[in-house]
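Asker:
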């Protein structure tokens with residue numbers, strides 16, 4: 003394995019972690035948007051706030067990590083992607099900013115209508131960002147990002163069947179992951195009603211993601227043939243593993259056996275992401291820029307690998323500790339088994 007391929011593996015690890023943790027956060031925003039205005043909807047939104055509050059900012063570390071590694075180690079690919087796909091990338095970034103603002107301010111608003119507005123911004127932005135990130139991935143997969151500064155079409159590169167379908171798949175996958183996570187969070191909070199509530203939504207999101215993925219077979223076969231061929235050959239074992247994990251989650255949720263669903267859901271998403279990586283190998287930009295051709299100087303790649311090693315030792319344990327505290331409800335000051343309740347601002 004060359005140093006360039008090792009750094010590409012590091013890049014893919016970061017992308018996988020962001021897809022899992024960031025994707026679950028985006029899905030939580032979608033469920034918040036769809037929760038409705040009744041007492042149960044307020045409790046569902048309260049559970050979302052309680053579950054993601056301590057970690058939602060930390061989860062964006064993975065996106066920053068991916069961008070920095072891509073920019074530093076594969077600058078040609080970075081400039082090609084950013085210049086051709088600046089429209090969907092800008093819309094995704096806008097969604098991240100608005101989402102953070104909505105989540106932060108909806109708890110501080112003193113009037114009900116302002117709180118509702120902030121909640122809607124949080125929910126709509128949680129839909130906006132994964133969709134446009136998906137269109138970026140679809141544009142790359144379909145070979146619509148050529149090498150060079152703004153060498154691709156600024157509109158048709160991402161306004162096409164592959165990109166739009168991939169965007170929809172990103173939204174559905176985030177909703178699926180989030181609902182499975184929230185099932186566990188509801189059990190942790192001691193709310194069996196919300197446990198059933200999010201279990202039903204996890205089943206619905208899984209079926210939606212499966213239907214979109216099935217449609218994607220035909221769309222990718224017609225318009226992203228290189229990735230399609232890779233997914234049906236070298237990447238096929240990982241695609242099958244993803245399907246097995248997904249079916250196992252469905253079986254557990256259908257039978258009301260919620261324990262074990264979360265690691266299986268993570269396994270399903272992780273397997274398909276790495277299946278994609280295998281299918282795209284050895285290209286950064288399919289059939290136009292390989293990993294080795296697009297890599298920076300050897301000294302740069304070595305420095306990235308050293309920094310990654312330091313991060314594994316220093317940063318990952320800190321993040322793991324944060325997630326552990328959040329799962330044990332230490333950061334919120336909640337006792338074990340105490341269900342979160344909607345907090346109504348003064349004057350509402």
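Numbering (this note's numbering), first residue to last: 3 to 350.
Quick reminder that beta carbons are idealized off the backbone N, C-alpha and C, glycines included.
Bear in mind that the values here come from a model prediction, so they are computed numbers and not experimental data.
Drop a sphere of 10 angstroms on the beta-carbon of residue 196, count the other beta-carbons inside from all chains shown, and report buried for 16 or more, exposed for fewer.
Answerer: The residue you call residue 196 lines up with position 194 of the chain shown. So residue 196 counts as buried.
Asker: Give the C-beta separation of residue 33 and residue 184 to the nearest angstrom, bearing in mind that I take them to be a contact with Cβ-Cβ under 8 Å.
Answerer: By 1-based counting over the chain shown, the position of residue 33 is 31. By 1-based counting over the chain shown, the position of residue 184 is 182. The Cβ separation is near 7 Å, so the contact holds.
Asker: In chain order, what residues of the same chain have a beta carbon less than 6 Å from the beta carbon of residue 18, not counting five sequence neighbours either side?
Answerer: Stepping through the chain shown from its first residue, residue 18 is reached at position 16. 272 and 275.
Asker: Using 8 Å as the Cβ pair cut-off and three pairs as the minimum, do the stretch 159-171 and the stretch 199-214 touch?
Answerer: Flag = yes, the stretch 159-171 and the stretch 199-214 touch.
Asker: Looking at the structure shown, is residue 158 part of a helix, part of a strand, or coil, going by DSSP?
Answerer: Here the question's residue 158 lines up with position 156 in the chain shown. Here residue 158 sits in coil by DSSP.
Asker: What would DSSP say about residue 13, mapped onto helix, strand or coil?
Answerer: Reading the chain shown from its first residue, position 11 is the one you call residue 13. Helix at residue 13.
Asker: When we look at the beta-carbon of residue 3 and count the other beta-carbons within 10 Å, is it buried (16 or more) or exposed?
Answerer: As a first step, residue 3 is located in the chain shown; it is residue number 1 there, counting from the start. Counting Cβ neighbours within 10 Å, residue 3 comes out exposed, since fewer than 16 surround it.
Asker: Would you identify the three-state DSSP class for residue 292, choosing helix, strand or coil?
Answerer: Your numbering for residue 292 matches position 290 in the chain shown. Strand.
Asker: What is the DSSP secondary structure of residue 36, counted as helix, strand or coil?
Answerer: Counting from 1 along the chain shown, the entry for residue 36 is found at position 34. Residue 36: coil per DSSP, three-state reduction.
Asker: To the nearest angstrom, report how far apart residue 131 and residue 186 are at their CA atoms.
Answerer: Taking the chain shown and counting its residues from 1, one reaches residue 131 at position 129. Taking the chain shown and counting its residues from 1, one reaches residue 186 at position 184. Near 25 Å, if we compare the C-alpha coordinates of residue 186 and residue 131.
Asker: In this structure, does DSSP put residue 283 in helix, strand or coil?
Answerer: On the chain shown, residue 283 is found 281 positions in, with the first residue counted as 1. Here residue 283 sits in coil by DSSP.
Asker: Sorted by chain position, which residues of the same chain lie with C-beta nearer than 8 Å to residue 225's C-beta, five sequence neighbours on each side aside?
Answerer: By one-based count along the chain shown, residue 225 stands at place 223. Result list for residue 225: 144, 162, 163 and 164, in chain order.
Asker: Tell me the DSSP secondary structure of residue 257 in three-state form.
Answerer: On the chain shown, position 255 is the one that residue 257 refers to. In the structure shown, residue 257 sits in coil (DSSP, three-state: anything other than H, G, I, E or B).
Asker: Using the Cβ count rule (16 or more neighbours within 10 Å means buried), how would you classify residue 121?
Answerer: One-based indexing of the chain shown puts residue 121 at position 119. Counting Cβ neighbours within 10 Å, residue 121 comes out buried, since at least 16 surround it.
Asker: Suppose you measure from the CA of residue 70 to the CA of residue 90; what does that come to, to the nearest Å?
Answerer: For the purposes of this step, residue 70 is taken as the residue at position 68 of the chain shown. For the purposes of this step, residue 90 is taken as the residue at position 88 of the chain shown. Computed Cα separation, rounded: 19 Å.
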